[in-house]
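Engineer: Residue numbers (this note's numbering), protein chains in the order written: chain A, 1 to 323; chain B, 324 to 418.
For glycine and all other residues, C-beta sits at the position ideal for the given N, C-alpha and C.
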Amino acid sequence: MNQLPGRLLHRLSNSLFSDQTMQRVINPALADLQAEYSQASGRATWTRRRIVLRGYAAFFKVIVFYATSSLRPGNWTVDDRRSLSRVFGLASAMMFAATLLFLLQPASRAVEFRGLSRMTILLIATSVPDRLPYAIAIGVLFGVLFGLRDRIVSAIPVIVIVAACLVIAATARVNNARVVPWANEAFRTLVGMPPYFPKSSAEITLRELREWIRQEEDFPNSKGFRRNLLQYHGRGSAEPAAPLVFALFGLAVITRPRLGRAHLVCIALLAAFGYYVVLYEGQSLIRYRVVPPIIAAWLANIATVLAAAAIATVVPARVRMSE
Amino acid sequence: MLTLSPKESLILELLVREDEMYGLQLVAASRRKLKRGTVYVTLGRMEEKGYIVSRAAETPANGGLPRRLYRATPLGRRVLKKWTTATGILLPEFI
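1) Taking DSSP as the reference, what is the three-state secondary structure of ARG43 (chain A)?
2) Which residues in chain B sit within 8 angstroms of ASP80 (chain A), going by Cβ to Cβ distance?
3) Scan the region 231-243 of chain A for residues whose Cβ lies nearer than 7 angstroms to a Cβ of chain B and list them as they occur along the chain.
4) Identify whether TYR281 (chain B) lies in helix, strand or coil by the three-state DSSP scheme.
5) Can you give me, in chain order, the residues of the region 380-400 of chain B that have a beta carbon less than 8 angstroms from any beta carbon in chain A?
6) Are the region 173-180 of chain A and the region 111-125 of chain A touching, with three or more C-beta to C-beta distances below 8 angstroms?
7) Residues of the region 330-360 of chain B with a CB closer than 7 angstroms to any CB of chain A: list them in chain order, please.
8) Measuring straight from C-alpha to C-alpha, what distance separates ILE213 (chain A) and ARG131 (chain A)?
9) Helix, strand or coil, according to DSSP, for ARG11 (chain A) in the structure here?
10) Chain B partners of ASN27 (chain A), CB-CB under 7 angstroms?
11) For TYR288 (chain A), which of helix, strand or coil comes out of DSSP?
12) Where DSSP assigns a beta bridge to TYR345 (chain B), which residues make up the other side?
13) Under the rule that 16 or more other beta-carbon atoms within 10 Å means buried, what is HIS10 (chain A), buried or exposed?
14) How long is the line joining the alpha carbons of PRO106 (chain A) and LEU53 (chain A), rounded to whole angstroms?
15) Hey, does SER322 (chain A) have any beta-carbon neighbour from chain B nearer than 9 angstroms?
16) With 9 angstroms set as the bound, which would you pick, yes or no: does the beta-carbon of TYR363 (chain B) sit closer than that to a beta-carbon of chain A?
17) Taking only the alpha-carbon atoms, compute the straight-line gap between LEU4 (chain A) and THR313 (chain A) and give it to the nearest angstrom.
18) In the DSSP output, what is ILE375 (chain B) paired with across the bridge?
19) Could one say the Cβ of GLY373 (chain B) lies closer than 9 angstroms to chain A's Cβ atoms, at least one of them?
20) Could you tell me which chain B residues have their CB closer than 8 angstroms to the CB of ALA31 (chain A), listed as they occur along the chain?
21) Can we say the region 390-402 of chain B touches the region 338-349 of chain B, given the rule of at least three CB pairs closer than 8 angstroms?
22) What does the Cβ neighbour count give for ASP32 (chain A), buried or exposed, with the cut at 16 atoms within 10 Å?
23) When the cut-off is 9 angstroms and only beta carbons count, does ILE99 (chain A) lie next to chain B?
24) Under 6 angstroms Cβ to Cβ from THR410 (chain B), same chain only, skipping five residues before and after it: list those, please.
25) Taking C-alpha atoms, which residue in A:THR120, A:ALA35, A:ALA44 and A:LEU101 lies nearest to VAL191 (chain A)?
26) Assuming VAL265 (chain A) and VAL305 (chain A) make a contact with CB atoms under 8 angstroms, what is their CB distance in whole Å?
27) So, under 8 angstroms CB-CB, GLU334 (chain A) and ILE51 (chain A) are touching, yes? Tell me the CB distance rounded to an integer number of Å.
28) If the cut is a Cβ gap below 9 angstroms, which residues of chain B does VAL62 (chain A) touch?
29) If you follow the alpha helix (DSSP H) that PHE142 (chain A) is part of, which residue opens it and which one closes it?
30) Can the beta-carbon of GLU370 (chain B) be found closer than 9 angstroms to that of ARG72 (chain A)?
31) Just how far apart, CA to CA, sit ILE168 (chain A) and GLU239 (chain A)?
32) Could you name the residues of the same chain whose beta carbon sits closer than 6 angstroms to that of LEU403 (chain B), not counting the 5 residues immediately before and after it, in chain order?
33) Would you mind sorting ALA110 (chain A) into buried or exposed? The rule is 16 or more other CB atoms within 10 Å of its CB.
34) How would you label ASP150 (chain A), buried or exposed, when you count the other beta carbons within 10 angstroms and need 16 or more for buried?
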């Protein structure tokens, strides 16, 4: 099969899908691609390229259709349901605990300002949206690692977890773009700090931030302020992807040979702390112009996905997804 | 209860008519009713239900993956016959 297309896809699929799925769904689709390519051997290069592209498109449609048809609740096994309820239950509990932990600092500040009163609760509440995306990401990581520990990881929980994280990422993006600036402004107003004109960088939406950054390009003397805006924008746009990135990392770890609880706790804490450090250090890289702002903003996500890919490539899987 | 989706019914009709076919032949013969990206998932589901069987064709000389040939089982033929009769009685105006 040296010169035939689809060899890499076949190898990748073979490590992900069960023998039955390979035989019934994946192999026939790739065999069609190879047969069509062989039949076109004497024809023009662009014709063969078109055949390959069409074959790849058909292959990816097969994968998507297979994944969506597997998701029908009728196809879920008892194990799938148990795995998912464990993952989401643990993720919710950890998210709640992480949110409380992250609220300790603003809570102590609020108590300092106002003592214990109704206003204090309002002040703490305005800090929740800012802490939520990272708390959800930590919840997802622990949920995946401990919810799927000692369980057979089939395709359905994996697809459901990734789909849920995509929805969470989209919601977190709206949260960072709209809710966090509003909550920051509310916090400042409640503690009676003087009004900024028109608002501070932390109080404007991501769209307004982009507009400000564009306007600041015309003023070469205000580069420090522009970098400050870039920092806010970078964090606001990259952080919502954290739950998805942590889910991929968790799935890469949990489908490798079994690890003890202590090892998993260490891995989760290292990943969560490492992500946090790189996310904030990445923002400093924007300030000191070490790398382009977009790379610096997404550095933590890129590093975590690369770590997941490295684990998945180097360490052999203990299970195949659709078994 | 044994049921047939419109696609399953079409595949069985084609296989009963032609005896044995490749997936791409089914797509071509269906006049765009079956899609290349979905036909193998439907065929896999039908094989699970026992309506069809498949076998690998000969391995190509160039070492590529062997294609699969599909054939209707006696159960599949019976289900198609009953299904066609039932839909003919229940929905005469659409047949």
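Structural biologist: Here's the rundown:
1) In the three-state reduction of the DSSP assignment, ARG43 (chain A) falls in the coil class, being assigned neither a helical nor a strand state.
2) Chain-ordered listing is empty here: chain B has no CB closer than 8 angstroms to the CB of ASP80 (chain A), the nearest sitting near 17 angstroms.
3) So the list is empty, because no residue satisfies the distance condition.
4) A question about residue 281 (chain B) goes unanswered here, because the residues of chain B that appear run from 324 up to 418.
5) Going along the region 380-400 of chain B in chain order, one finds PRO383, ASN385, GLY386, GLY387, LEU388, PRO389, ARG390 and ARG391 with a Cβ nearer than 8 angstroms to chain A.
6) Counting Cβ pairs under 8 angstroms, fewer than three are found: no touch.
7) So the list reads GLY346, LEU347, ARG359 and GLY360, given in the order they occur along the chain.
8) Cα-Cα distance, rounded: 24 angstroms.
9) In the displayed model, ARG11 (chain A) falls within a helix according to three-state DSSP.
10) What ASN27 (chain A) touches in chain B: LEU388.
11) Looking at TYR288 (chain A) - three-state DSSP - the assignment turns out to be coil, as it is neither helix nor strand.
12) The bridge partners DSSP lists for TYR345 (chain B) are B:LEU392.
13) Label assigned to HIS10 (chain A): buried.
14) The straight-line gap from Cα to Cα measures roughly 54 angstroms.
15) Note that SER322 (chain A) has pLDDT 48, beneath the 50 cutoff, so the model's placement of it is unreliable and the number below is only indicative. No - not a single Cβ of chain B is within 9 angstroms of the one on SER322 (chain A).
16) By this cut-off, TYR363 (chain B) is an interface position.
17) Computed Cα separation, rounded: 23 angstroms.
18) DSSP lists B:ALA395 as partners of ILE375 (chain B).
19) No, no contact with chain A.
20) Neighbours of ALA31 (chain A) on chain B, chain order: GLY387, LEU388, PRO389, ARG390 and ARG391.
21) A contact is defined here as three or more CB-CB pairs under 8 angstroms, and the region 390-402 of chain B meets this definition with respect to the region 338-349 of chain B.
22) The residue in question, ASP32 (chain A), is buried, as its Cβ has 16 or more Cβ neighbours within 10 Å.
23) Contrary to the premise, residue 99 (chain A) reads as Thr rather than Ile in this sequence. No - not a single Cβ of chain B is within 9 angstroms of the one on THR99 (chain A).
24) Sequence-distant partners of THR410 (chain B) (beyond 5 residues in either direction) whose C-beta falls short of 6 angstroms from its own C-beta are missing from its chain.
25) Taking only the C-alpha atoms, the option nearest VAL191 (chain A) is A:THR120.
26) Not really, about 22 angstroms apart at Cβ, beyond 8 angstroms.
27) Residue 334 (chain A) lies beyond the stretch modelled for chain A, which goes from 1 to 323, so this question has no answer here.
28) At a beta-carbon threshold of 9 angstroms, the residues of chain B lying near VAL62 (chain A) are ARG359, GLY360, THR361, VAL362, TYR363 and VAL364, ordered along the chain.
29) Run containing PHE142 (chain A): 118-147, per the alpha helix (DSSP H) assignment.
30) At the C-beta level, GLU370 (chain B) and ARG72 (chain A) stay beyond 9 angstroms of one another.
31) Looking at the two C-alpha atoms, the distance is approximately 12 angstroms.
32) The residues LEU335, in chain order, have a CB closer than 6 angstroms to that of LEU403 (chain B) in the same chain once the five nearest residues on each side in sequence are set aside.
33) It is buried - the Cβ of ALA110 (chain A) has at least 16 other Cβ atoms within 10 Å.
34) Classified as exposed, ASP150 (chain A) has fewer than 16 neighbouring CB atoms from the shown chains inside 10 Å of its CB.
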